[in-house]
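>
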Amino acid sequence: MAGNEAALAELYNRYADMLYAFISHLVYDPRIDTADIWHDAWLAAIRSLHTFDHKRCRFFTWLCSIARHKAMDSCRRAARRPAESLSSFSPDRLAALIDDGPLPEEAMASSAVRTSVIEALAALPAEYRRMLVARYADGATVQEAAQLAGKSYKAAESLLSRARAAFRLALKKATGETHDG
Amino acid sequence: MMDNNERTREENVARLVRAGLPAEARLDPRVKQDTWHRLSAVCRANRSDAFPNFALILLAGVTGFMSLWAVFELMVLKKPLAVLPTELVVVSALNLAAILPAFVIWVKNKRRQYV
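If you read the sequences in order, they're chains V and L.
For the first sequence, position 49 matches number 48 in numbering that gives the first Met the number 0, and the numbering has no gaps at all.
For the second sequence, position 1 matches number 0 in numbering that gives the first Met the number 0, and the numbering has no gaps at all.
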């Protein structure tokens with residue numbers, strides 16, 4: 000895949016925003032420039048693209064592991080310890096809670112939960128991810144999300160419902176992967 | 000119509016997505032575009048590095064051939080070193096001449112990589 004600009008463009012369009020969000024949850028220290036780490040991570044990924052093995056892990060997981068190393072290097076250079084999460088809520092508890100009742104507020108403050116959310120969003124088909132981000136992160140109404148996706152209100156509602164189900168599944172998988180290895 | 004369970008699940012998903020993508024975790028579109036230009040330049044540079052430049056292969060081939068020729072005359076034809084000045088001068092000259100174009104090509108590749 001090395002040197003294939005079209006393939007790189009596709010990967011970049013798909014994962015650039017998600018990787019940035021992932022890094023921002025890793026380092027959330029305003030004195031460390033997230034954009035620098037993000038940029039270095041992409042450069043490192045391109046230069047070692049030949050070492051990526053799609054049978055071992057997903058591309059985004061591989062990208063995140065590079066970003067994690069870059070973030071650690073950056074903290075070390077700045078003589079700072081990696082930021083500690085505001086909450087010690089363990090993401091593996093999400094799987095049990097997400098379907099059964101309102102999630103506790105401490106879950107939302109956990110850096111590990113937030114990075115798992117990003118991994119889950121990155122694993123979704125682009126159409127699902129766009130809908131979830133528009134509706135829940137950008138605060139669009141279903142009508143506005145439908146217009147963005149070029150769909151009818153009913154079709155958008157149905158798409159959102161499938162996107163939520165896929166997200167819950169991806170999140171369970173991401174939290175499982177995080178803690179299994 | 001959504002039942003209560005479905006409503007709770009939707010609220011959970013909404014809160015998680017909001018927690019995962021707050022304003023400070025959003026990438027500036029201009030930074031994204033600028034970075035793409037640099038990455039595609041690196042990608043192009045990697046492609047030119049993937050296979051050695053033709054001029055370098057030719058120079059290495061000629062130099063290697065001349066060296067083997069000189070070694071063959073010395074070892075197989077048992078010519079004394081003193082009677083091989085021409086070959087040795089040619090091989091040395093080619094070796095020296097190869098340095099400049101190789102350096103120029105290397106610098107060009109590096110500059111393309113950091114545009």
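The C-beta atom is built at its ideal place from N, Cα and C for all residues, glycine as well.
Note that the structure is predicted; figures quoted are calculated from it, not measured.
1) Taking the continuous alpha helix (DSSP H) assigned at L/GLY19, which residues delimit it?
2) DSSP on L/LEU26, reduced to helix/strand/coil?
3) Could you give the DSSP three-state label for L/ALA97: helix, strand or coil?
4) Do L/THR62 and L/LEU20 have their C-beta atoms closer together than 8 Å?
5) Could you tell me whether the Cβ of V/ALA66 comes closer than 8 Å to any Cβ of chain L?
6) Which residues in the same chain have their Cβ closer than 6 Å to the Cβ of V/ALA122, if we skip the five residues on either side of it in sequence?
7) So, are the CB atoms of V/VAL112 and V/LEU93 less than 8 Å apart?
8) Using the C-alpha atoms, what's the distance from L/ARG8 back to V/PHE166?
9) In whole angstroms, give me the CA-to-CA distance for V/HIS24 and V/ASP35.
10) If you drop the 5 nearest sequence neighbours on each side, which residues of the same chain put their C-beta closer than 6 Å to that of V/ALA133?
11) Which one of V/MET130, V/LYS69 and V/ASP98 has the shortest CA to CA distance from V/GLU156?
Taking the structure as given:
1) Under the DSSP assignment, L/GLY19 falls in the alpha helix (DSSP H) whose first and last residues are 3-19.
2) Reduced to three states, the DSSP call for L/LEU26 is coil.
3) In the structure shown, L/ALA97 falls within a helical segment according to DSSP collapsed to helix, strand and coil.
4) Contact flag unset, no.
5) Between V/ALA66 and chain L, the shortest Cβ-Cβ separation is not below 8 Å.
6) If we look at V/ALA122 and ignore the five residues flanking it on each side, its Cβ neighbours are ALA169.
7) Yes, Cβ-Cβ distance for V/VAL112 and V/LEU93 is below 8 Å.
8) Distance between the alpha carbons of V/PHE166 and L/ARG8: 11 Å.
9) V/HIS24 and V/ASP35: Cα-Cα distance of roughly 14 Å.
10) The beta carbon of V/ALA133 sits closer than 6 Å to the beta carbons of ALA139, ALA144 and LEU147 from its chain, once the five residues preceding and following it are set aside; these are given in chain order.
11) Among V/MET130, V/LYS69 and V/ASP98, the Cα nearest to that of V/GLU156 is on V/MET130.
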